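Student: Have a look at this one.
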Amino acid sequence: MFLKKLEKYFGFDERKTNWTTEIRAGVTVYLTMAYILFVNPVILKDAGVPFNACVVGTAFAAGITSILMGAIANFPLALAAGMGLNSVLAYNIVISQGVPWQVGMGLIFLDGLIVFILVIAGLREAVMNAIPVPLRHA
19 MFLKKLEKYF GFDERKTNWT TEIRAGVTVY LTMAYILFVN PVILKDAGVP
69 FNACVVGTAF AAGITSILMG AIANFPLALA AGMGLNSVLA YNIVISQGVP
119 WQVGMGLIFL DGLIVFILVI AGLREAVMNA IPVPLRHA
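Residue numbers for the sequence shown follow the working numbering, beginning at 19 and rising by one.
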């Protein structure tokens, strides 16, 4: 009964899928993203972020955001830390500029908050449309 409700909520019939396909897809996505659990903490460790805390934080953030994306947005997209921004934080902001890593993390939080406000206010689309198409595709 519960599985049937889940199948209906996630539109298994409309998407022509089944539990075997979904589980196989989930395992595949996990295996392609698992490296982030190891690489992200190694990069941020260079900036002074405690390694074990970073592993837990990376796993927690990826798990919660991916679950929310699937459960609320009903969109099968896995989310995790980006390998570009963590390198910029570790090597350009913290190591090169001497900014404490806590301040760098605060900047990333502030960036996320600004994007969230733009989305809620409906301005994100206007900002994206203001960027020339070739630049968006670059």
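Note that beta-carbon positions come from the ideal geometry of N, C-alpha and C, so glycine has one too.
Note that the structure is a prediction, hence the values are computed from the model and not measured.
Grab me the residues of Arg33's own chain with a C-beta within less than 7 Å of its C-beta, minus the 5 sequence neighbours each way, in chain order.
Tutor: The residue labelled residue 33 in the question sits at position 15 within the sequence shown. Around Arg33: no qualifying Cβ.
Student: From the DSSP output, in three-state form, read off Val117 for me.
Tutor: Position 99 of the sequence shown, counting from 1, holds the residue named residue 117. If DSSP states are grouped into helix, strand and coil, Val117 belongs with coil.
Student: Quick check: what's the CA-CA separation for His155 versus Glu40?
Tutor: Walking along the sequence shown from the start, residue 155 turns up at place 137. Walking along the sequence shown from the start, residue 40 turns up at place 22. Going by the C-alpha atoms only, they are around 30 Å apart.
Student: Could you tell me if Val121 is buried or exposed, where buried requires 16 or more neighbouring beta carbons within 10 angstroms of its beta carbon?
Tutor: What you label residue 121 is simply residue 103 of the sequence shown in a count that begins at 1. Under this definition Val121 is an exposed residue.
Student: Using a Cβ-Cβ cut-off of 7 Å (strictly less than) and excluding sequence neighbours within five positions of Val47, which residues of its own chain qualify?
Tutor: Taking the first residue of the sequence shown as position 1, residue 47 is located at position 29. Correct list, in chain order: Ala96.
Student: So the alpha helix (DSSP H) Thr46 belongs to, where does it begin and stop?
Tutor: The residue given as residue 46 occupies position 28 in the sequence shown. Element bounds for Thr46: Trp37 to Met51.
Student: Taking the alpha helix (DSSP H) that Lys63 falls in, what are its first and last residues?
Tutor: Numbered from 1 along the sequence shown, position 45 holds the residue referred to as residue 63. It spans Ile54 to Lys63 - the alpha helix (DSSP H) in which Lys63 sits, taken as one unbroken run.
Student: Please confirm whether Ile126 and Leu141 have their CB atoms less than 8 Å apart.
Tutor: Taking the sequence shown and counting its residues from 1, the one referred to as residue 126 is at position 108. Taking the sequence shown and counting its residues from 1, the one referred to as residue 141 is at position 123. With contacts defined as CB atoms closer than 8 Å, Ile126 and Leu141 fail to qualify as a contacting pair.
Student: In the DSSP assignment, the alpha helix (DSSP H) including Gly140 goes from what residue to what residue?
Tutor: Against the sequence shown, residue 140 aligns to sequence position 122. That residue, Gly140, is in no alpha helix (DSSP H); it is neither H nor E in DSSP.
Student: To the nearest whole angstrom, what separates the beta carbons of Val67 and Leu55, a pair I think is in contact under 8 Å?
Tutor: Within the sequence shown, residue 67 is the residue found at index 49, counting from 1. Within the sequence shown, residue 55 is the residue found at index 37, counting from 1. Actually they do not touch by this definition, with Cβ atoms about 14 Å apart.
Student: Please report the Cβ distance between Ala89 and Met51, rounded to the nearest whole angstrom; I am assuming they are in contact, meaning their Cβ atoms lie under 8 Å.
Tutor: Mapped onto the sequence shown, residue 89 falls at position 71. Mapped onto the sequence shown, residue 51 falls at position 33. Ala89 to Met51, Cβ: 18 Å. No contact.
Student: Which first and last residues belong to the alpha helix (DSSP H) in which Leu21 is found?
Tutor: Sequence index remark: in the sequence shown, residue 21 carries index 3 (1-based). Phe20 to Tyr27 is the extent of the alpha helix (DSSP H) around Leu21.
Student: Which residue's Cα is closest to the Cα of Phe69: Ile135, Pro94, Leu103 and Trp119?
Tutor: Translated into positions along the sequence shown, residue 69 becomes position 51. Closest option to Phe69, Cα to Cα, is Trp119.
Student: What does the alpha-carbon distance come out to for the pair Thr83 and Leu131?
Tutor: Along the sequence shown, one-based indexing puts residue 83 at 65. Along the sequence shown, one-based indexing puts residue 131 at 113. Those two C-alpha atoms are separated by around 15 Å.
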